[in-house]
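These notes are about the structure you will find just below.
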Amino acid sequence: MLKLSLRTFAERWQLFVGSIITVMIGVALVQSSLLILISLATYEPPASIPMLQQIELANAYEGGIALLGVTTGFSVFLTAFIVSSTFAFTVSQRRQDLALLRLVGGSRGNVRRLLLSEAAVLGSIGTALGIPFGLLTMELQTNLLISLQLVPEGFTPDFQFWIVAVAIGVGVGIAIAGVYVAARRASKVRPLEALRESGDVRKVMSPGRWIAGLFCLFAALAMTILSALLPSVGAMAVGINAALVASIAMAALSPVVVPLVARIFGFLFRGGLIGTLAQANLRDGVRRSAATAAPLLVLVAMLLAQWGSSETISDGAAEQARRDTRGDLVVSTQGAAVPAIARTSGVELVSPESQVPLTSTFNEVGEVEEPEEPEEGEAPKAPEPAEVITHKASAVATAVDPVAYQRTHVVPMAEGSLADLRGATVAVGAFDTEQTIKLGTMIEAKIGDHPVKLKVVALLPDSIGGGATMLLPRDVVPADVLAAAPTQTVVHLAGGADQGAVVDKLREQGGEVTPMAAWLAETSKKNDQQQTKISTVVMGLSGLYALIAVINAVVIGAAARRREFAAARVSGLRRSQVVRMALVESWGVTAIGLVLGALAAVTTLIGIGASTARITGSGGVTIPWLMVGLVVLGAFVVVGCTSIWTALSATRARPVTLIGARE
Amino acid sequence: MTTTVNFQLPQQAPAASAVELRGVSREYGSKHATVRALNDVSLSFPTGTWTAVMGPSGSGKSTLLHCAAGLEQVSSGQVFLAGRDITFANDDQLTDMRRREVGFVFQSFNLIGSLTAEQNVALSLKLAGTRVDKSLVRTVLANVGLADRAKHKPRELSGGQQQRVAIARGMVTRPAVLFADEPTGALDTKSARVVLDLLRTMVQTQRQSIVMVTHDPAAAAAADSVVFLRDGVIVDHLARPSATVVAERLAHLEG
Numbered sequence: 001m002l003k004l005s006l007r008t009f010a011e012r013w014q015l016f017v018g019s020i021i022t023v024m025i026g027v028a029l030v031q032s033s034l035l036i037l038i039s040l041a042t043y044e045p046p047a048s049i050p051m052l053q054q055i056e057l058a059n060a061y062e063g064g065i066a067l068l069g070v071t072t073g074f075s076v077f078l079t080a081f082i083v084s085s086t087f088a089f090t091v092s093q094r095r096q097d098l099a100l101l102r103l104v105g106g107s108r109g110n111v112r113r114l115l116l117s118e119a120a121v122l123g124s125i126g127t128a129l130g131i132p133f134g135l136l137t138m139e140l141q142t143n144l145l146i147s148l149q150l151v152p153e154g155f156t157p158d159f160q161f162w163i164v165a166v167a168i169g170v171g172v173g174i175a176i177a178g179v180y181v182a183a184r185r186a187s188k189v190r191p192l193e194a195l196r197e198s199g200d201v202r203k204v205m206s207p208g209r210w211i212a213g214l215f216c217l218f219a220a221l222a223m224t225i226l227s228a229l230l231p232s233v234g235a236m237a238v239g240i241n242a243a244l245v246a247s248i249a250m251a252a253l254s255p256v257v258v259p260l261v262a263r264i265f266g267f268l269f270r271g272g273l274i275g276t277l278a279q280a281n282l283r284d285g286v287r288r289s290a291a292t293a294a295p296l297l298v299l300v301a302m303l304l305a306q307w308g309s310s311e312t313i314s315d316g317a318a319e320q321a322r323r324d325t326r327g328d329l330v331v332s333t334q335g336a337a338v339p340a341i342a343r344t345s346g347v348e349l350v351s352p353e354s355q356v357p358l359t360s361t362f363n364e365v366g367e368v369e370e371p372e373e374p375e376e377g378e379a380p381k382a383p384e385p386a387e388v389i390t391h392k393a394s395a396v397a398t399a400v401d402p403v404a405y406q407r408t409h410v411v412p413m414a415e416g417s418l419a420d421l422r423g424a425t426v427a428v429g430a431f432d433t434e435q436t437i438k439l440g441t442m443i444e445a446k447i448g449d450h451p452v453k454l455k456v457v458a459l460l461p462d463s464i465g466g467g468a469t470m471l472l473p474r475d476v477v478p479a480d481v482l483a484a485a486p487t488q489t490v491v492h493l494a495g496g497a498d499q500g501a502v503v504d505k506l507r508e509q510g511g512e513v514t515p516m517a518a519w520l521a522e523t524s525k526k527n528d529q530q531q532t533k534i535s536t537v538v539m540g541l542s543g544l545y546a547l548i549a550v551i552n553a554v555v556i557g558a559a560a561r562r563r564e565f566a567a568a569r570v571s572g573l574r575r576s577q578v579v580r581m582a583l584v585e586s587w588g589v590t591a592i593g594l595v596l597g598a599l600a601a602v603t604t605l606i607g608i609g610a611s612t613a614r615i616t617g618s619g620g621v622t623i624p625w626l627m628v629g630l631v632v633l634g635a636f637v638v639v640g641c642t643s644i645w646t647a648l649s650a651t652r653a654r655p656v657t658l659i660g661a662r663e
Numbered sequence: 001m002t003t004t005v006n007f008q009l010p011q012q013a014p015a016a017s018a019v020e021l022r023g024v025s026r027e028y029g030s031k032h033a034t035v036r037a038l039n040d041v042s043l044s045f046p047t048g049t050w051t052a053v054m055g056p057s058g059s060g061k062s063t064l065l066h067c068a069a070g071l072e073q074v075s076s077g078q079v080f081l082a083g084r085d086i087t088f089a090n091d092d093q094l095t096d097m098r099r100r101e102v103g104f105v106f107q108s109f110n111l112i113g114s115l116t117a118e119q120n121v122a123l124s125l126k127l128a129g130t131r132v133d134k135s136l137v138r139t140v141l142a143n144v145g146l147a148d149r150a151k152h153k154p155r156e157l158s159g160g161q162q163q164r165v166a167i168a169r170g171m172v173t174r175p176a177v178l179f180a181d182e183p184t185g186a187l188d189t190k191s192a193r194v195v196l197d198l199l200r201t202m203v204q205t206q207r208q209s210i211v212m213v214t215h216d217p218a219a220a221a222a223a224d225s226v227v228f229l230r231d232g233v234i235v236d237h238l239a240r241p242s243a244t245v246v247a248e249r250l251a252h253l254e255g
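Taken in order, these protein sequences are the chains called H and F. Quick note: the first sequence uses the UniProt record's numbering, first residue 1, plus one each step. Quick note: the second sequence uses the UniProt record's numbering, first residue 1, plus one each step.
Next up, the structure:
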């Protein structure tokens with residue numbers, strides 16, 4: 001069987017090259033994202049740099065880890081989706097071949113083994129190419145991350161030898177798994193089908209396909225509802241996945257939509273010869289139409305979901321900041337400059353917010369504790385049956401003047417009150433999902449080198465776009481730390497004070513002064529840029545991959561149609577008419593992919609929009625119209641060009657030679 | 001002349017026939033719109049003979065061939081192939097039959113395009129689980145006059161040559177029955193003649209049983225006997241036919 005697999009290679013190269021490319025890029029993407037992720041996760045900031053920088057660096061890496069986690073997840077999903085749908089499509093394209101094998105005495109097992117060994121061969125070739133290609137991809141991805149300043153300069157991911165095993169698992173494993181279902185289905189082909197020219201006559205929508213499609217659809221809806229209810233951290237994670245699950249549902253159910261779109265096309269092009277033919281072809285080749293639309297669908301769904309939700313979130317954050325912040329100016333200085341700002345004439349109130357490094361440990365009563373790692377030279381400690389779990393964390397805390405802060409940030413606390421933020425106390429974010437921190441929890445912390453014990457007196461409300469995660473009263477922070485801390489001071493002007501004059505005076509004292517509205521706008525813009533960067537990293541390479549898969553599907557779909565095109569020409573169509581017919585038809589498929597992809601993205605956008613609206617109390621979904629426009633235009637252009645190219649090359653030979661060639 | 005034809009078969013043991021159909025009907029479609037392609041057909045194809053099945057389009061001749069070869073399930077009745085009742089045979093048993101007892105030749109050749117002539121012929125042996133004897137493959141190809149075309153792929157061969165490869169593939173496992181569906185349908189007169197002579201030689205030298213569906217009176221005349229079908233019923237039978245008589249009968253049926 002293996003030999004037959006190898007022989008078939010040379011014949012159906014479009015199918016096989018297409019399959020190999022999808023495996024290769026998929027393996028490369030997964031391998032690269034995973035290696036970068038692992039390298040980020042195992043990174044330790046050098047101890048020689050100052051504490052605040054260490055923590056900021058660690059935070060940057062942590063942000064990178066979260067980002068690469070999502071990127072890796074997307075790559076795995078896309079690889080599984082694209083490889084399995086491409087392989088299944090190639091199998092369905094060869095139905096007549098397989099029926100012939102059955103006719104000359106091949107058993108169902110023979111057909112299955114043929115297809116599975118083919119998948120193994122293709123998967124292996126793809127993997128073998130994918131591993132070195134993955135190294136290039138890793139370079140590209142790392143450069144992208146560094147140039148977008150999402151990971152610190154000088155970061156270099158390491159190659160791990162175990163990644164080869166992962167790559168093989170992904171490449172060969174997904175190829176075989178993807179073909180398995182298709183092979184089982186194909187092995188049931190009746191030998192008689194080899195004798196019919198009608199191609200695949202079975203219903204595309206098998207009960208299994210219906211069940212899988214509806215199941216995923218309901219799962220996606222459930223995820224939408226869940227993401228609307230979850231706190232901001234969980235909402236994004238669940239919400240984005242809703243679009244992935246929904247795109248599986250849409251891909252599975254797309255054959256139902258094909259005739260519908262075909263009918264609309266028939267209406268649009270009624271009377272015209274080309275339109276009528278294209279409509280008939282769309283309906284007749286439901287499987288081909290659906291398989292070609294699938295990668296486009298998932299690309300559109302992911303792009304819109306990612307861009308739409310990040311824009312929604314960044315708009316929501318801007319809205320939240322605008323609503324909650326009261327003040328006229330924002331002055332950026334070091335902590336030491338705050339008293340001078342307060343003394344400036346025309347200034348009524350100052351609310352300084354200083355960034356200070358804080359390492360904390362707090363104990364949670366819980367299960368038996370693992371023994372701590374022994375210090376150097378010490379014997380390992382025996383595990384003690386303590387019922388306390390010690391959490392350690394490094395964070396950038398915001399040191400504030402609680403009274404002034406409450407006048408500049410009109411946010412009700414989730415629990416407790418900032419009025420109690422006096423002395424050795426702290427207010428922390430209420431959004432840790434495990435609820436390990438409660439009111440009254442004692443946190444042992446070090447601010448700079450000074451140990452303190454802080455009591456949690458308030459829990460901050462959920463927020464969607466950054467903001468302070470930990471508030472300290474300024475008096476608990478040692479004076480030297482505070483004096484050196486980067487500080488933003490929100491200033492209220494006294495009634496009747498001339499803003500321009502105050503700004504000038506503050507600038508003279510050596511601060512960066514920004515009017516509140518401009519400061520909010522700037523923050524929002526920075527936030528937008530950050531979100532765009534993140535989306536670029538998450539979707540950039542994956543998007544290219546999906547795009548290649550779209551082209552691939554068009555090529556594979558056209559490869560099997562040479563005879564059909566020839567028949568159309570023998571019936572009297574000119575070559576240009578055949579090409580136009582293929583083009584119109586491919587645009588029908590494009591429309592299907594776009595509409596279904598957009599529908600899949602809607603599940604994410606509704607969930608994220610609802611979550612944002614709940615947290616900020618206003619707002620809604622921001623549709624990234626520019627992105628939508630680019631995607632629509634890009635899809636029609638790319639699919640259209642590919643279709644013209646493949647139709648031209650499929651009609652290059654004189655039709656009569658193709659009509660006559662029977663194999 | 002042939003108004004009533006009684007095909008009361010002699011009650012011989014099934015093994016004496018290469019293929020035997022007993023009261024076979026085959027219906028297509030739903031409850032409301034049933035098409036009866038075969039209507040209670042009883043027919044025996046004796047071992048070592050060549051029978052042609054003729055009839056106008058839609059008379060059920062292809063369905064008859066498919067049912068006889070186990071490619072289609074009958075709606076009622078029984079089918080014996082090489083002495084075995086295959087009426088209710090499962091897929092594995094039918095696969096086994098295709099490997100050992102049955103060979104096929106079709107109008108559209110149906111060779112595997114990626115394999116050479118030699119490999120196409122050897123495939124049948126491989127699937128049958130027999131060790132591939134290269135000299136046997138060569139001999140069979142030589143028998144159909146293609147010794148020098150063994151390394152060619154189907155598209156490098158003419159239609160007549162492709163059909164001869166298909167015959168070689170059908171014959172290499174020494175099947176009990178060779179089923180041929182319009183084997184000369186896509187060939188010019190000269191190539192058709194070569195193929196028919198080849199089939200005749202196989203019947204004469206190897207006592208090969210052949211069941212052939214055809215439109216072509218010249219092809220039918222090459223057979224030992226001809227069975228005529230119309231509307232799913234056997235309406236006529238000729239032994240030692242001549243092309244002229246066959247053409248007349250067929251014209252009569254179609255008219």
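Cβ coordinates follow ideal geometry from the N, Cα and C atoms, glycine included. Note that the structure is predicted; figures quoted are calculated from it, not measured.
List, in order along the chain, the chain H residues whose C-beta lies closer than 7 Å to that of residue i?
i	result
H66 of chain F	L192
S59 of chain F	Going along chain H, no residue has its Cβ under 7 Å from S59 of chain F, so there is no contact; the nearest lies around 18 Å.
R164 of chain F	Correct list: empty, because the minimum Cβ distance to chain H is about 14 Å.
Tell me, to the nearest whole angstrom, how far the beta carbon of residue i is from that of residue j; I am working on the premise that it is less than 8 Å.
i	j	result
L127 of chain F	R99 of chain F	6 Å
L599 of chain H	M223 of chain H	The pair is not a contact, with the Cβ atoms about 15 Å apart (cut-off 8 Å).
E353 of chain H	V400 of chain H	6 Å
L229 of chain F	G60 of chain F	5 Å
I167 of chain F	V74 of chain F	Not a contact, Cβ separation roughly 27 Å.
For a quick check, are the C-beta atoms of residue i and residue j less than 8 Å apart?
i	j	result
V24 of chain F	G58 of chain F	no
L547 of chain H	I447 of chain H	no
S209 of chain F	T47 of chain F	yes
F67 of chain F	L38 of chain F	Per the sequence presented here, residue 67 of chain F reads as Cys, with Phe not at that position. In this structure, L38 of chain F lies closer than 8 Å to C67 of chain F by Cβ.
L282 of chain H	E44 of chain H	no
S309 of chain H	T604 of chain H	yes
V170 of chain H	G69 of chain H	no
Q531 of chain H	A337 of chain H	no
I608 of chain H	S314 of chain H	no
P255 of chain H	I82 of chain H	no
residue 262 of chain F	A117 of chain F	Any answer about residue 262 of chain F is impossible in this case: the structure gives chain F only from 1 up to 255.
G327 of chain H	V490 of chain H	yes
Who are the neighbours of residue i on chain F, taking C-beta pairs under 8 Å?
i	result
L195 of chain H	F106, S108, N110, D181
Taking residue i as the query, report the chain H residues whose CB atoms sit under 9 Å from its CB, ordered along the chain.
i	result
L127 of chain F	L101, V104, G105, G106, S107, N110
R169 of chain F	V104
residue 315 of chain F	A question about residue 315 of chain F goes unanswered here, because the residues of chain F that appear run from 1 up to 255.
L71 of chain F	L103, R190, P191, L192, L195
Applying a beta-carbon distance threshold of less than 8 Å, which residues of chain H neighbour residue i?
i	result
S209 of chain F	Those do not exist, as S209 of chain F stays about 18 Å from chain H at its closest Cβ, beyond 8 Å.
R249 of chain F	The premise fails here: R249 of chain F is roughly 27 Å from chain H at the closest Cβ pair, so nothing lies under 8 Å.
Listed from N- to C-terminal order along the chain, which residues in the UniProt domain "ABC3 transporter permease C-terminal" (72-189) of chain H have their beta-carbon within a distance smaller than 8 Å of any beta-carbon of chain F?
D97, L100, L101, R102, L103, V104, G105, G106, S107, R108, N110
To be precise: take each residue of the stretch 134-162 of chain F, compare its Cβ to all Cβ atoms of chain H, and keep it if any distance is under 8 Å. Which residues remain?
P154, R155, G159, Q162
Would you check if the stretch 78-91 of chain F and the stretch 132-143 of chain F touch, i.e. whether three or more CB-CB distances between them fall below 8 Å?
no
Between the stretch 234-242 of chain H and the stretch 267-278 of chain H, can you find at least three pairs of beta-carbon atoms closer than 8 Å?
no
Mind the definition here: the stretch 297-306 of chain H touches the stretch 443-462 of chain H only if three or more C-beta pairs lie below 8 Å; say whether that holds.
no
Using a Cβ cut-off of 9 Å, which residues of the stretch 80-95 of chain F contact any Cβ in chain H, in chain order?
D91, D92, L94, T95
Assess contact between the stretch 66-80 of chain H and the stretch 22-37 of chain H, defined as three or more Cβ pairs (one per stretch) separated by less than 8 Å. Is contact present?
yes
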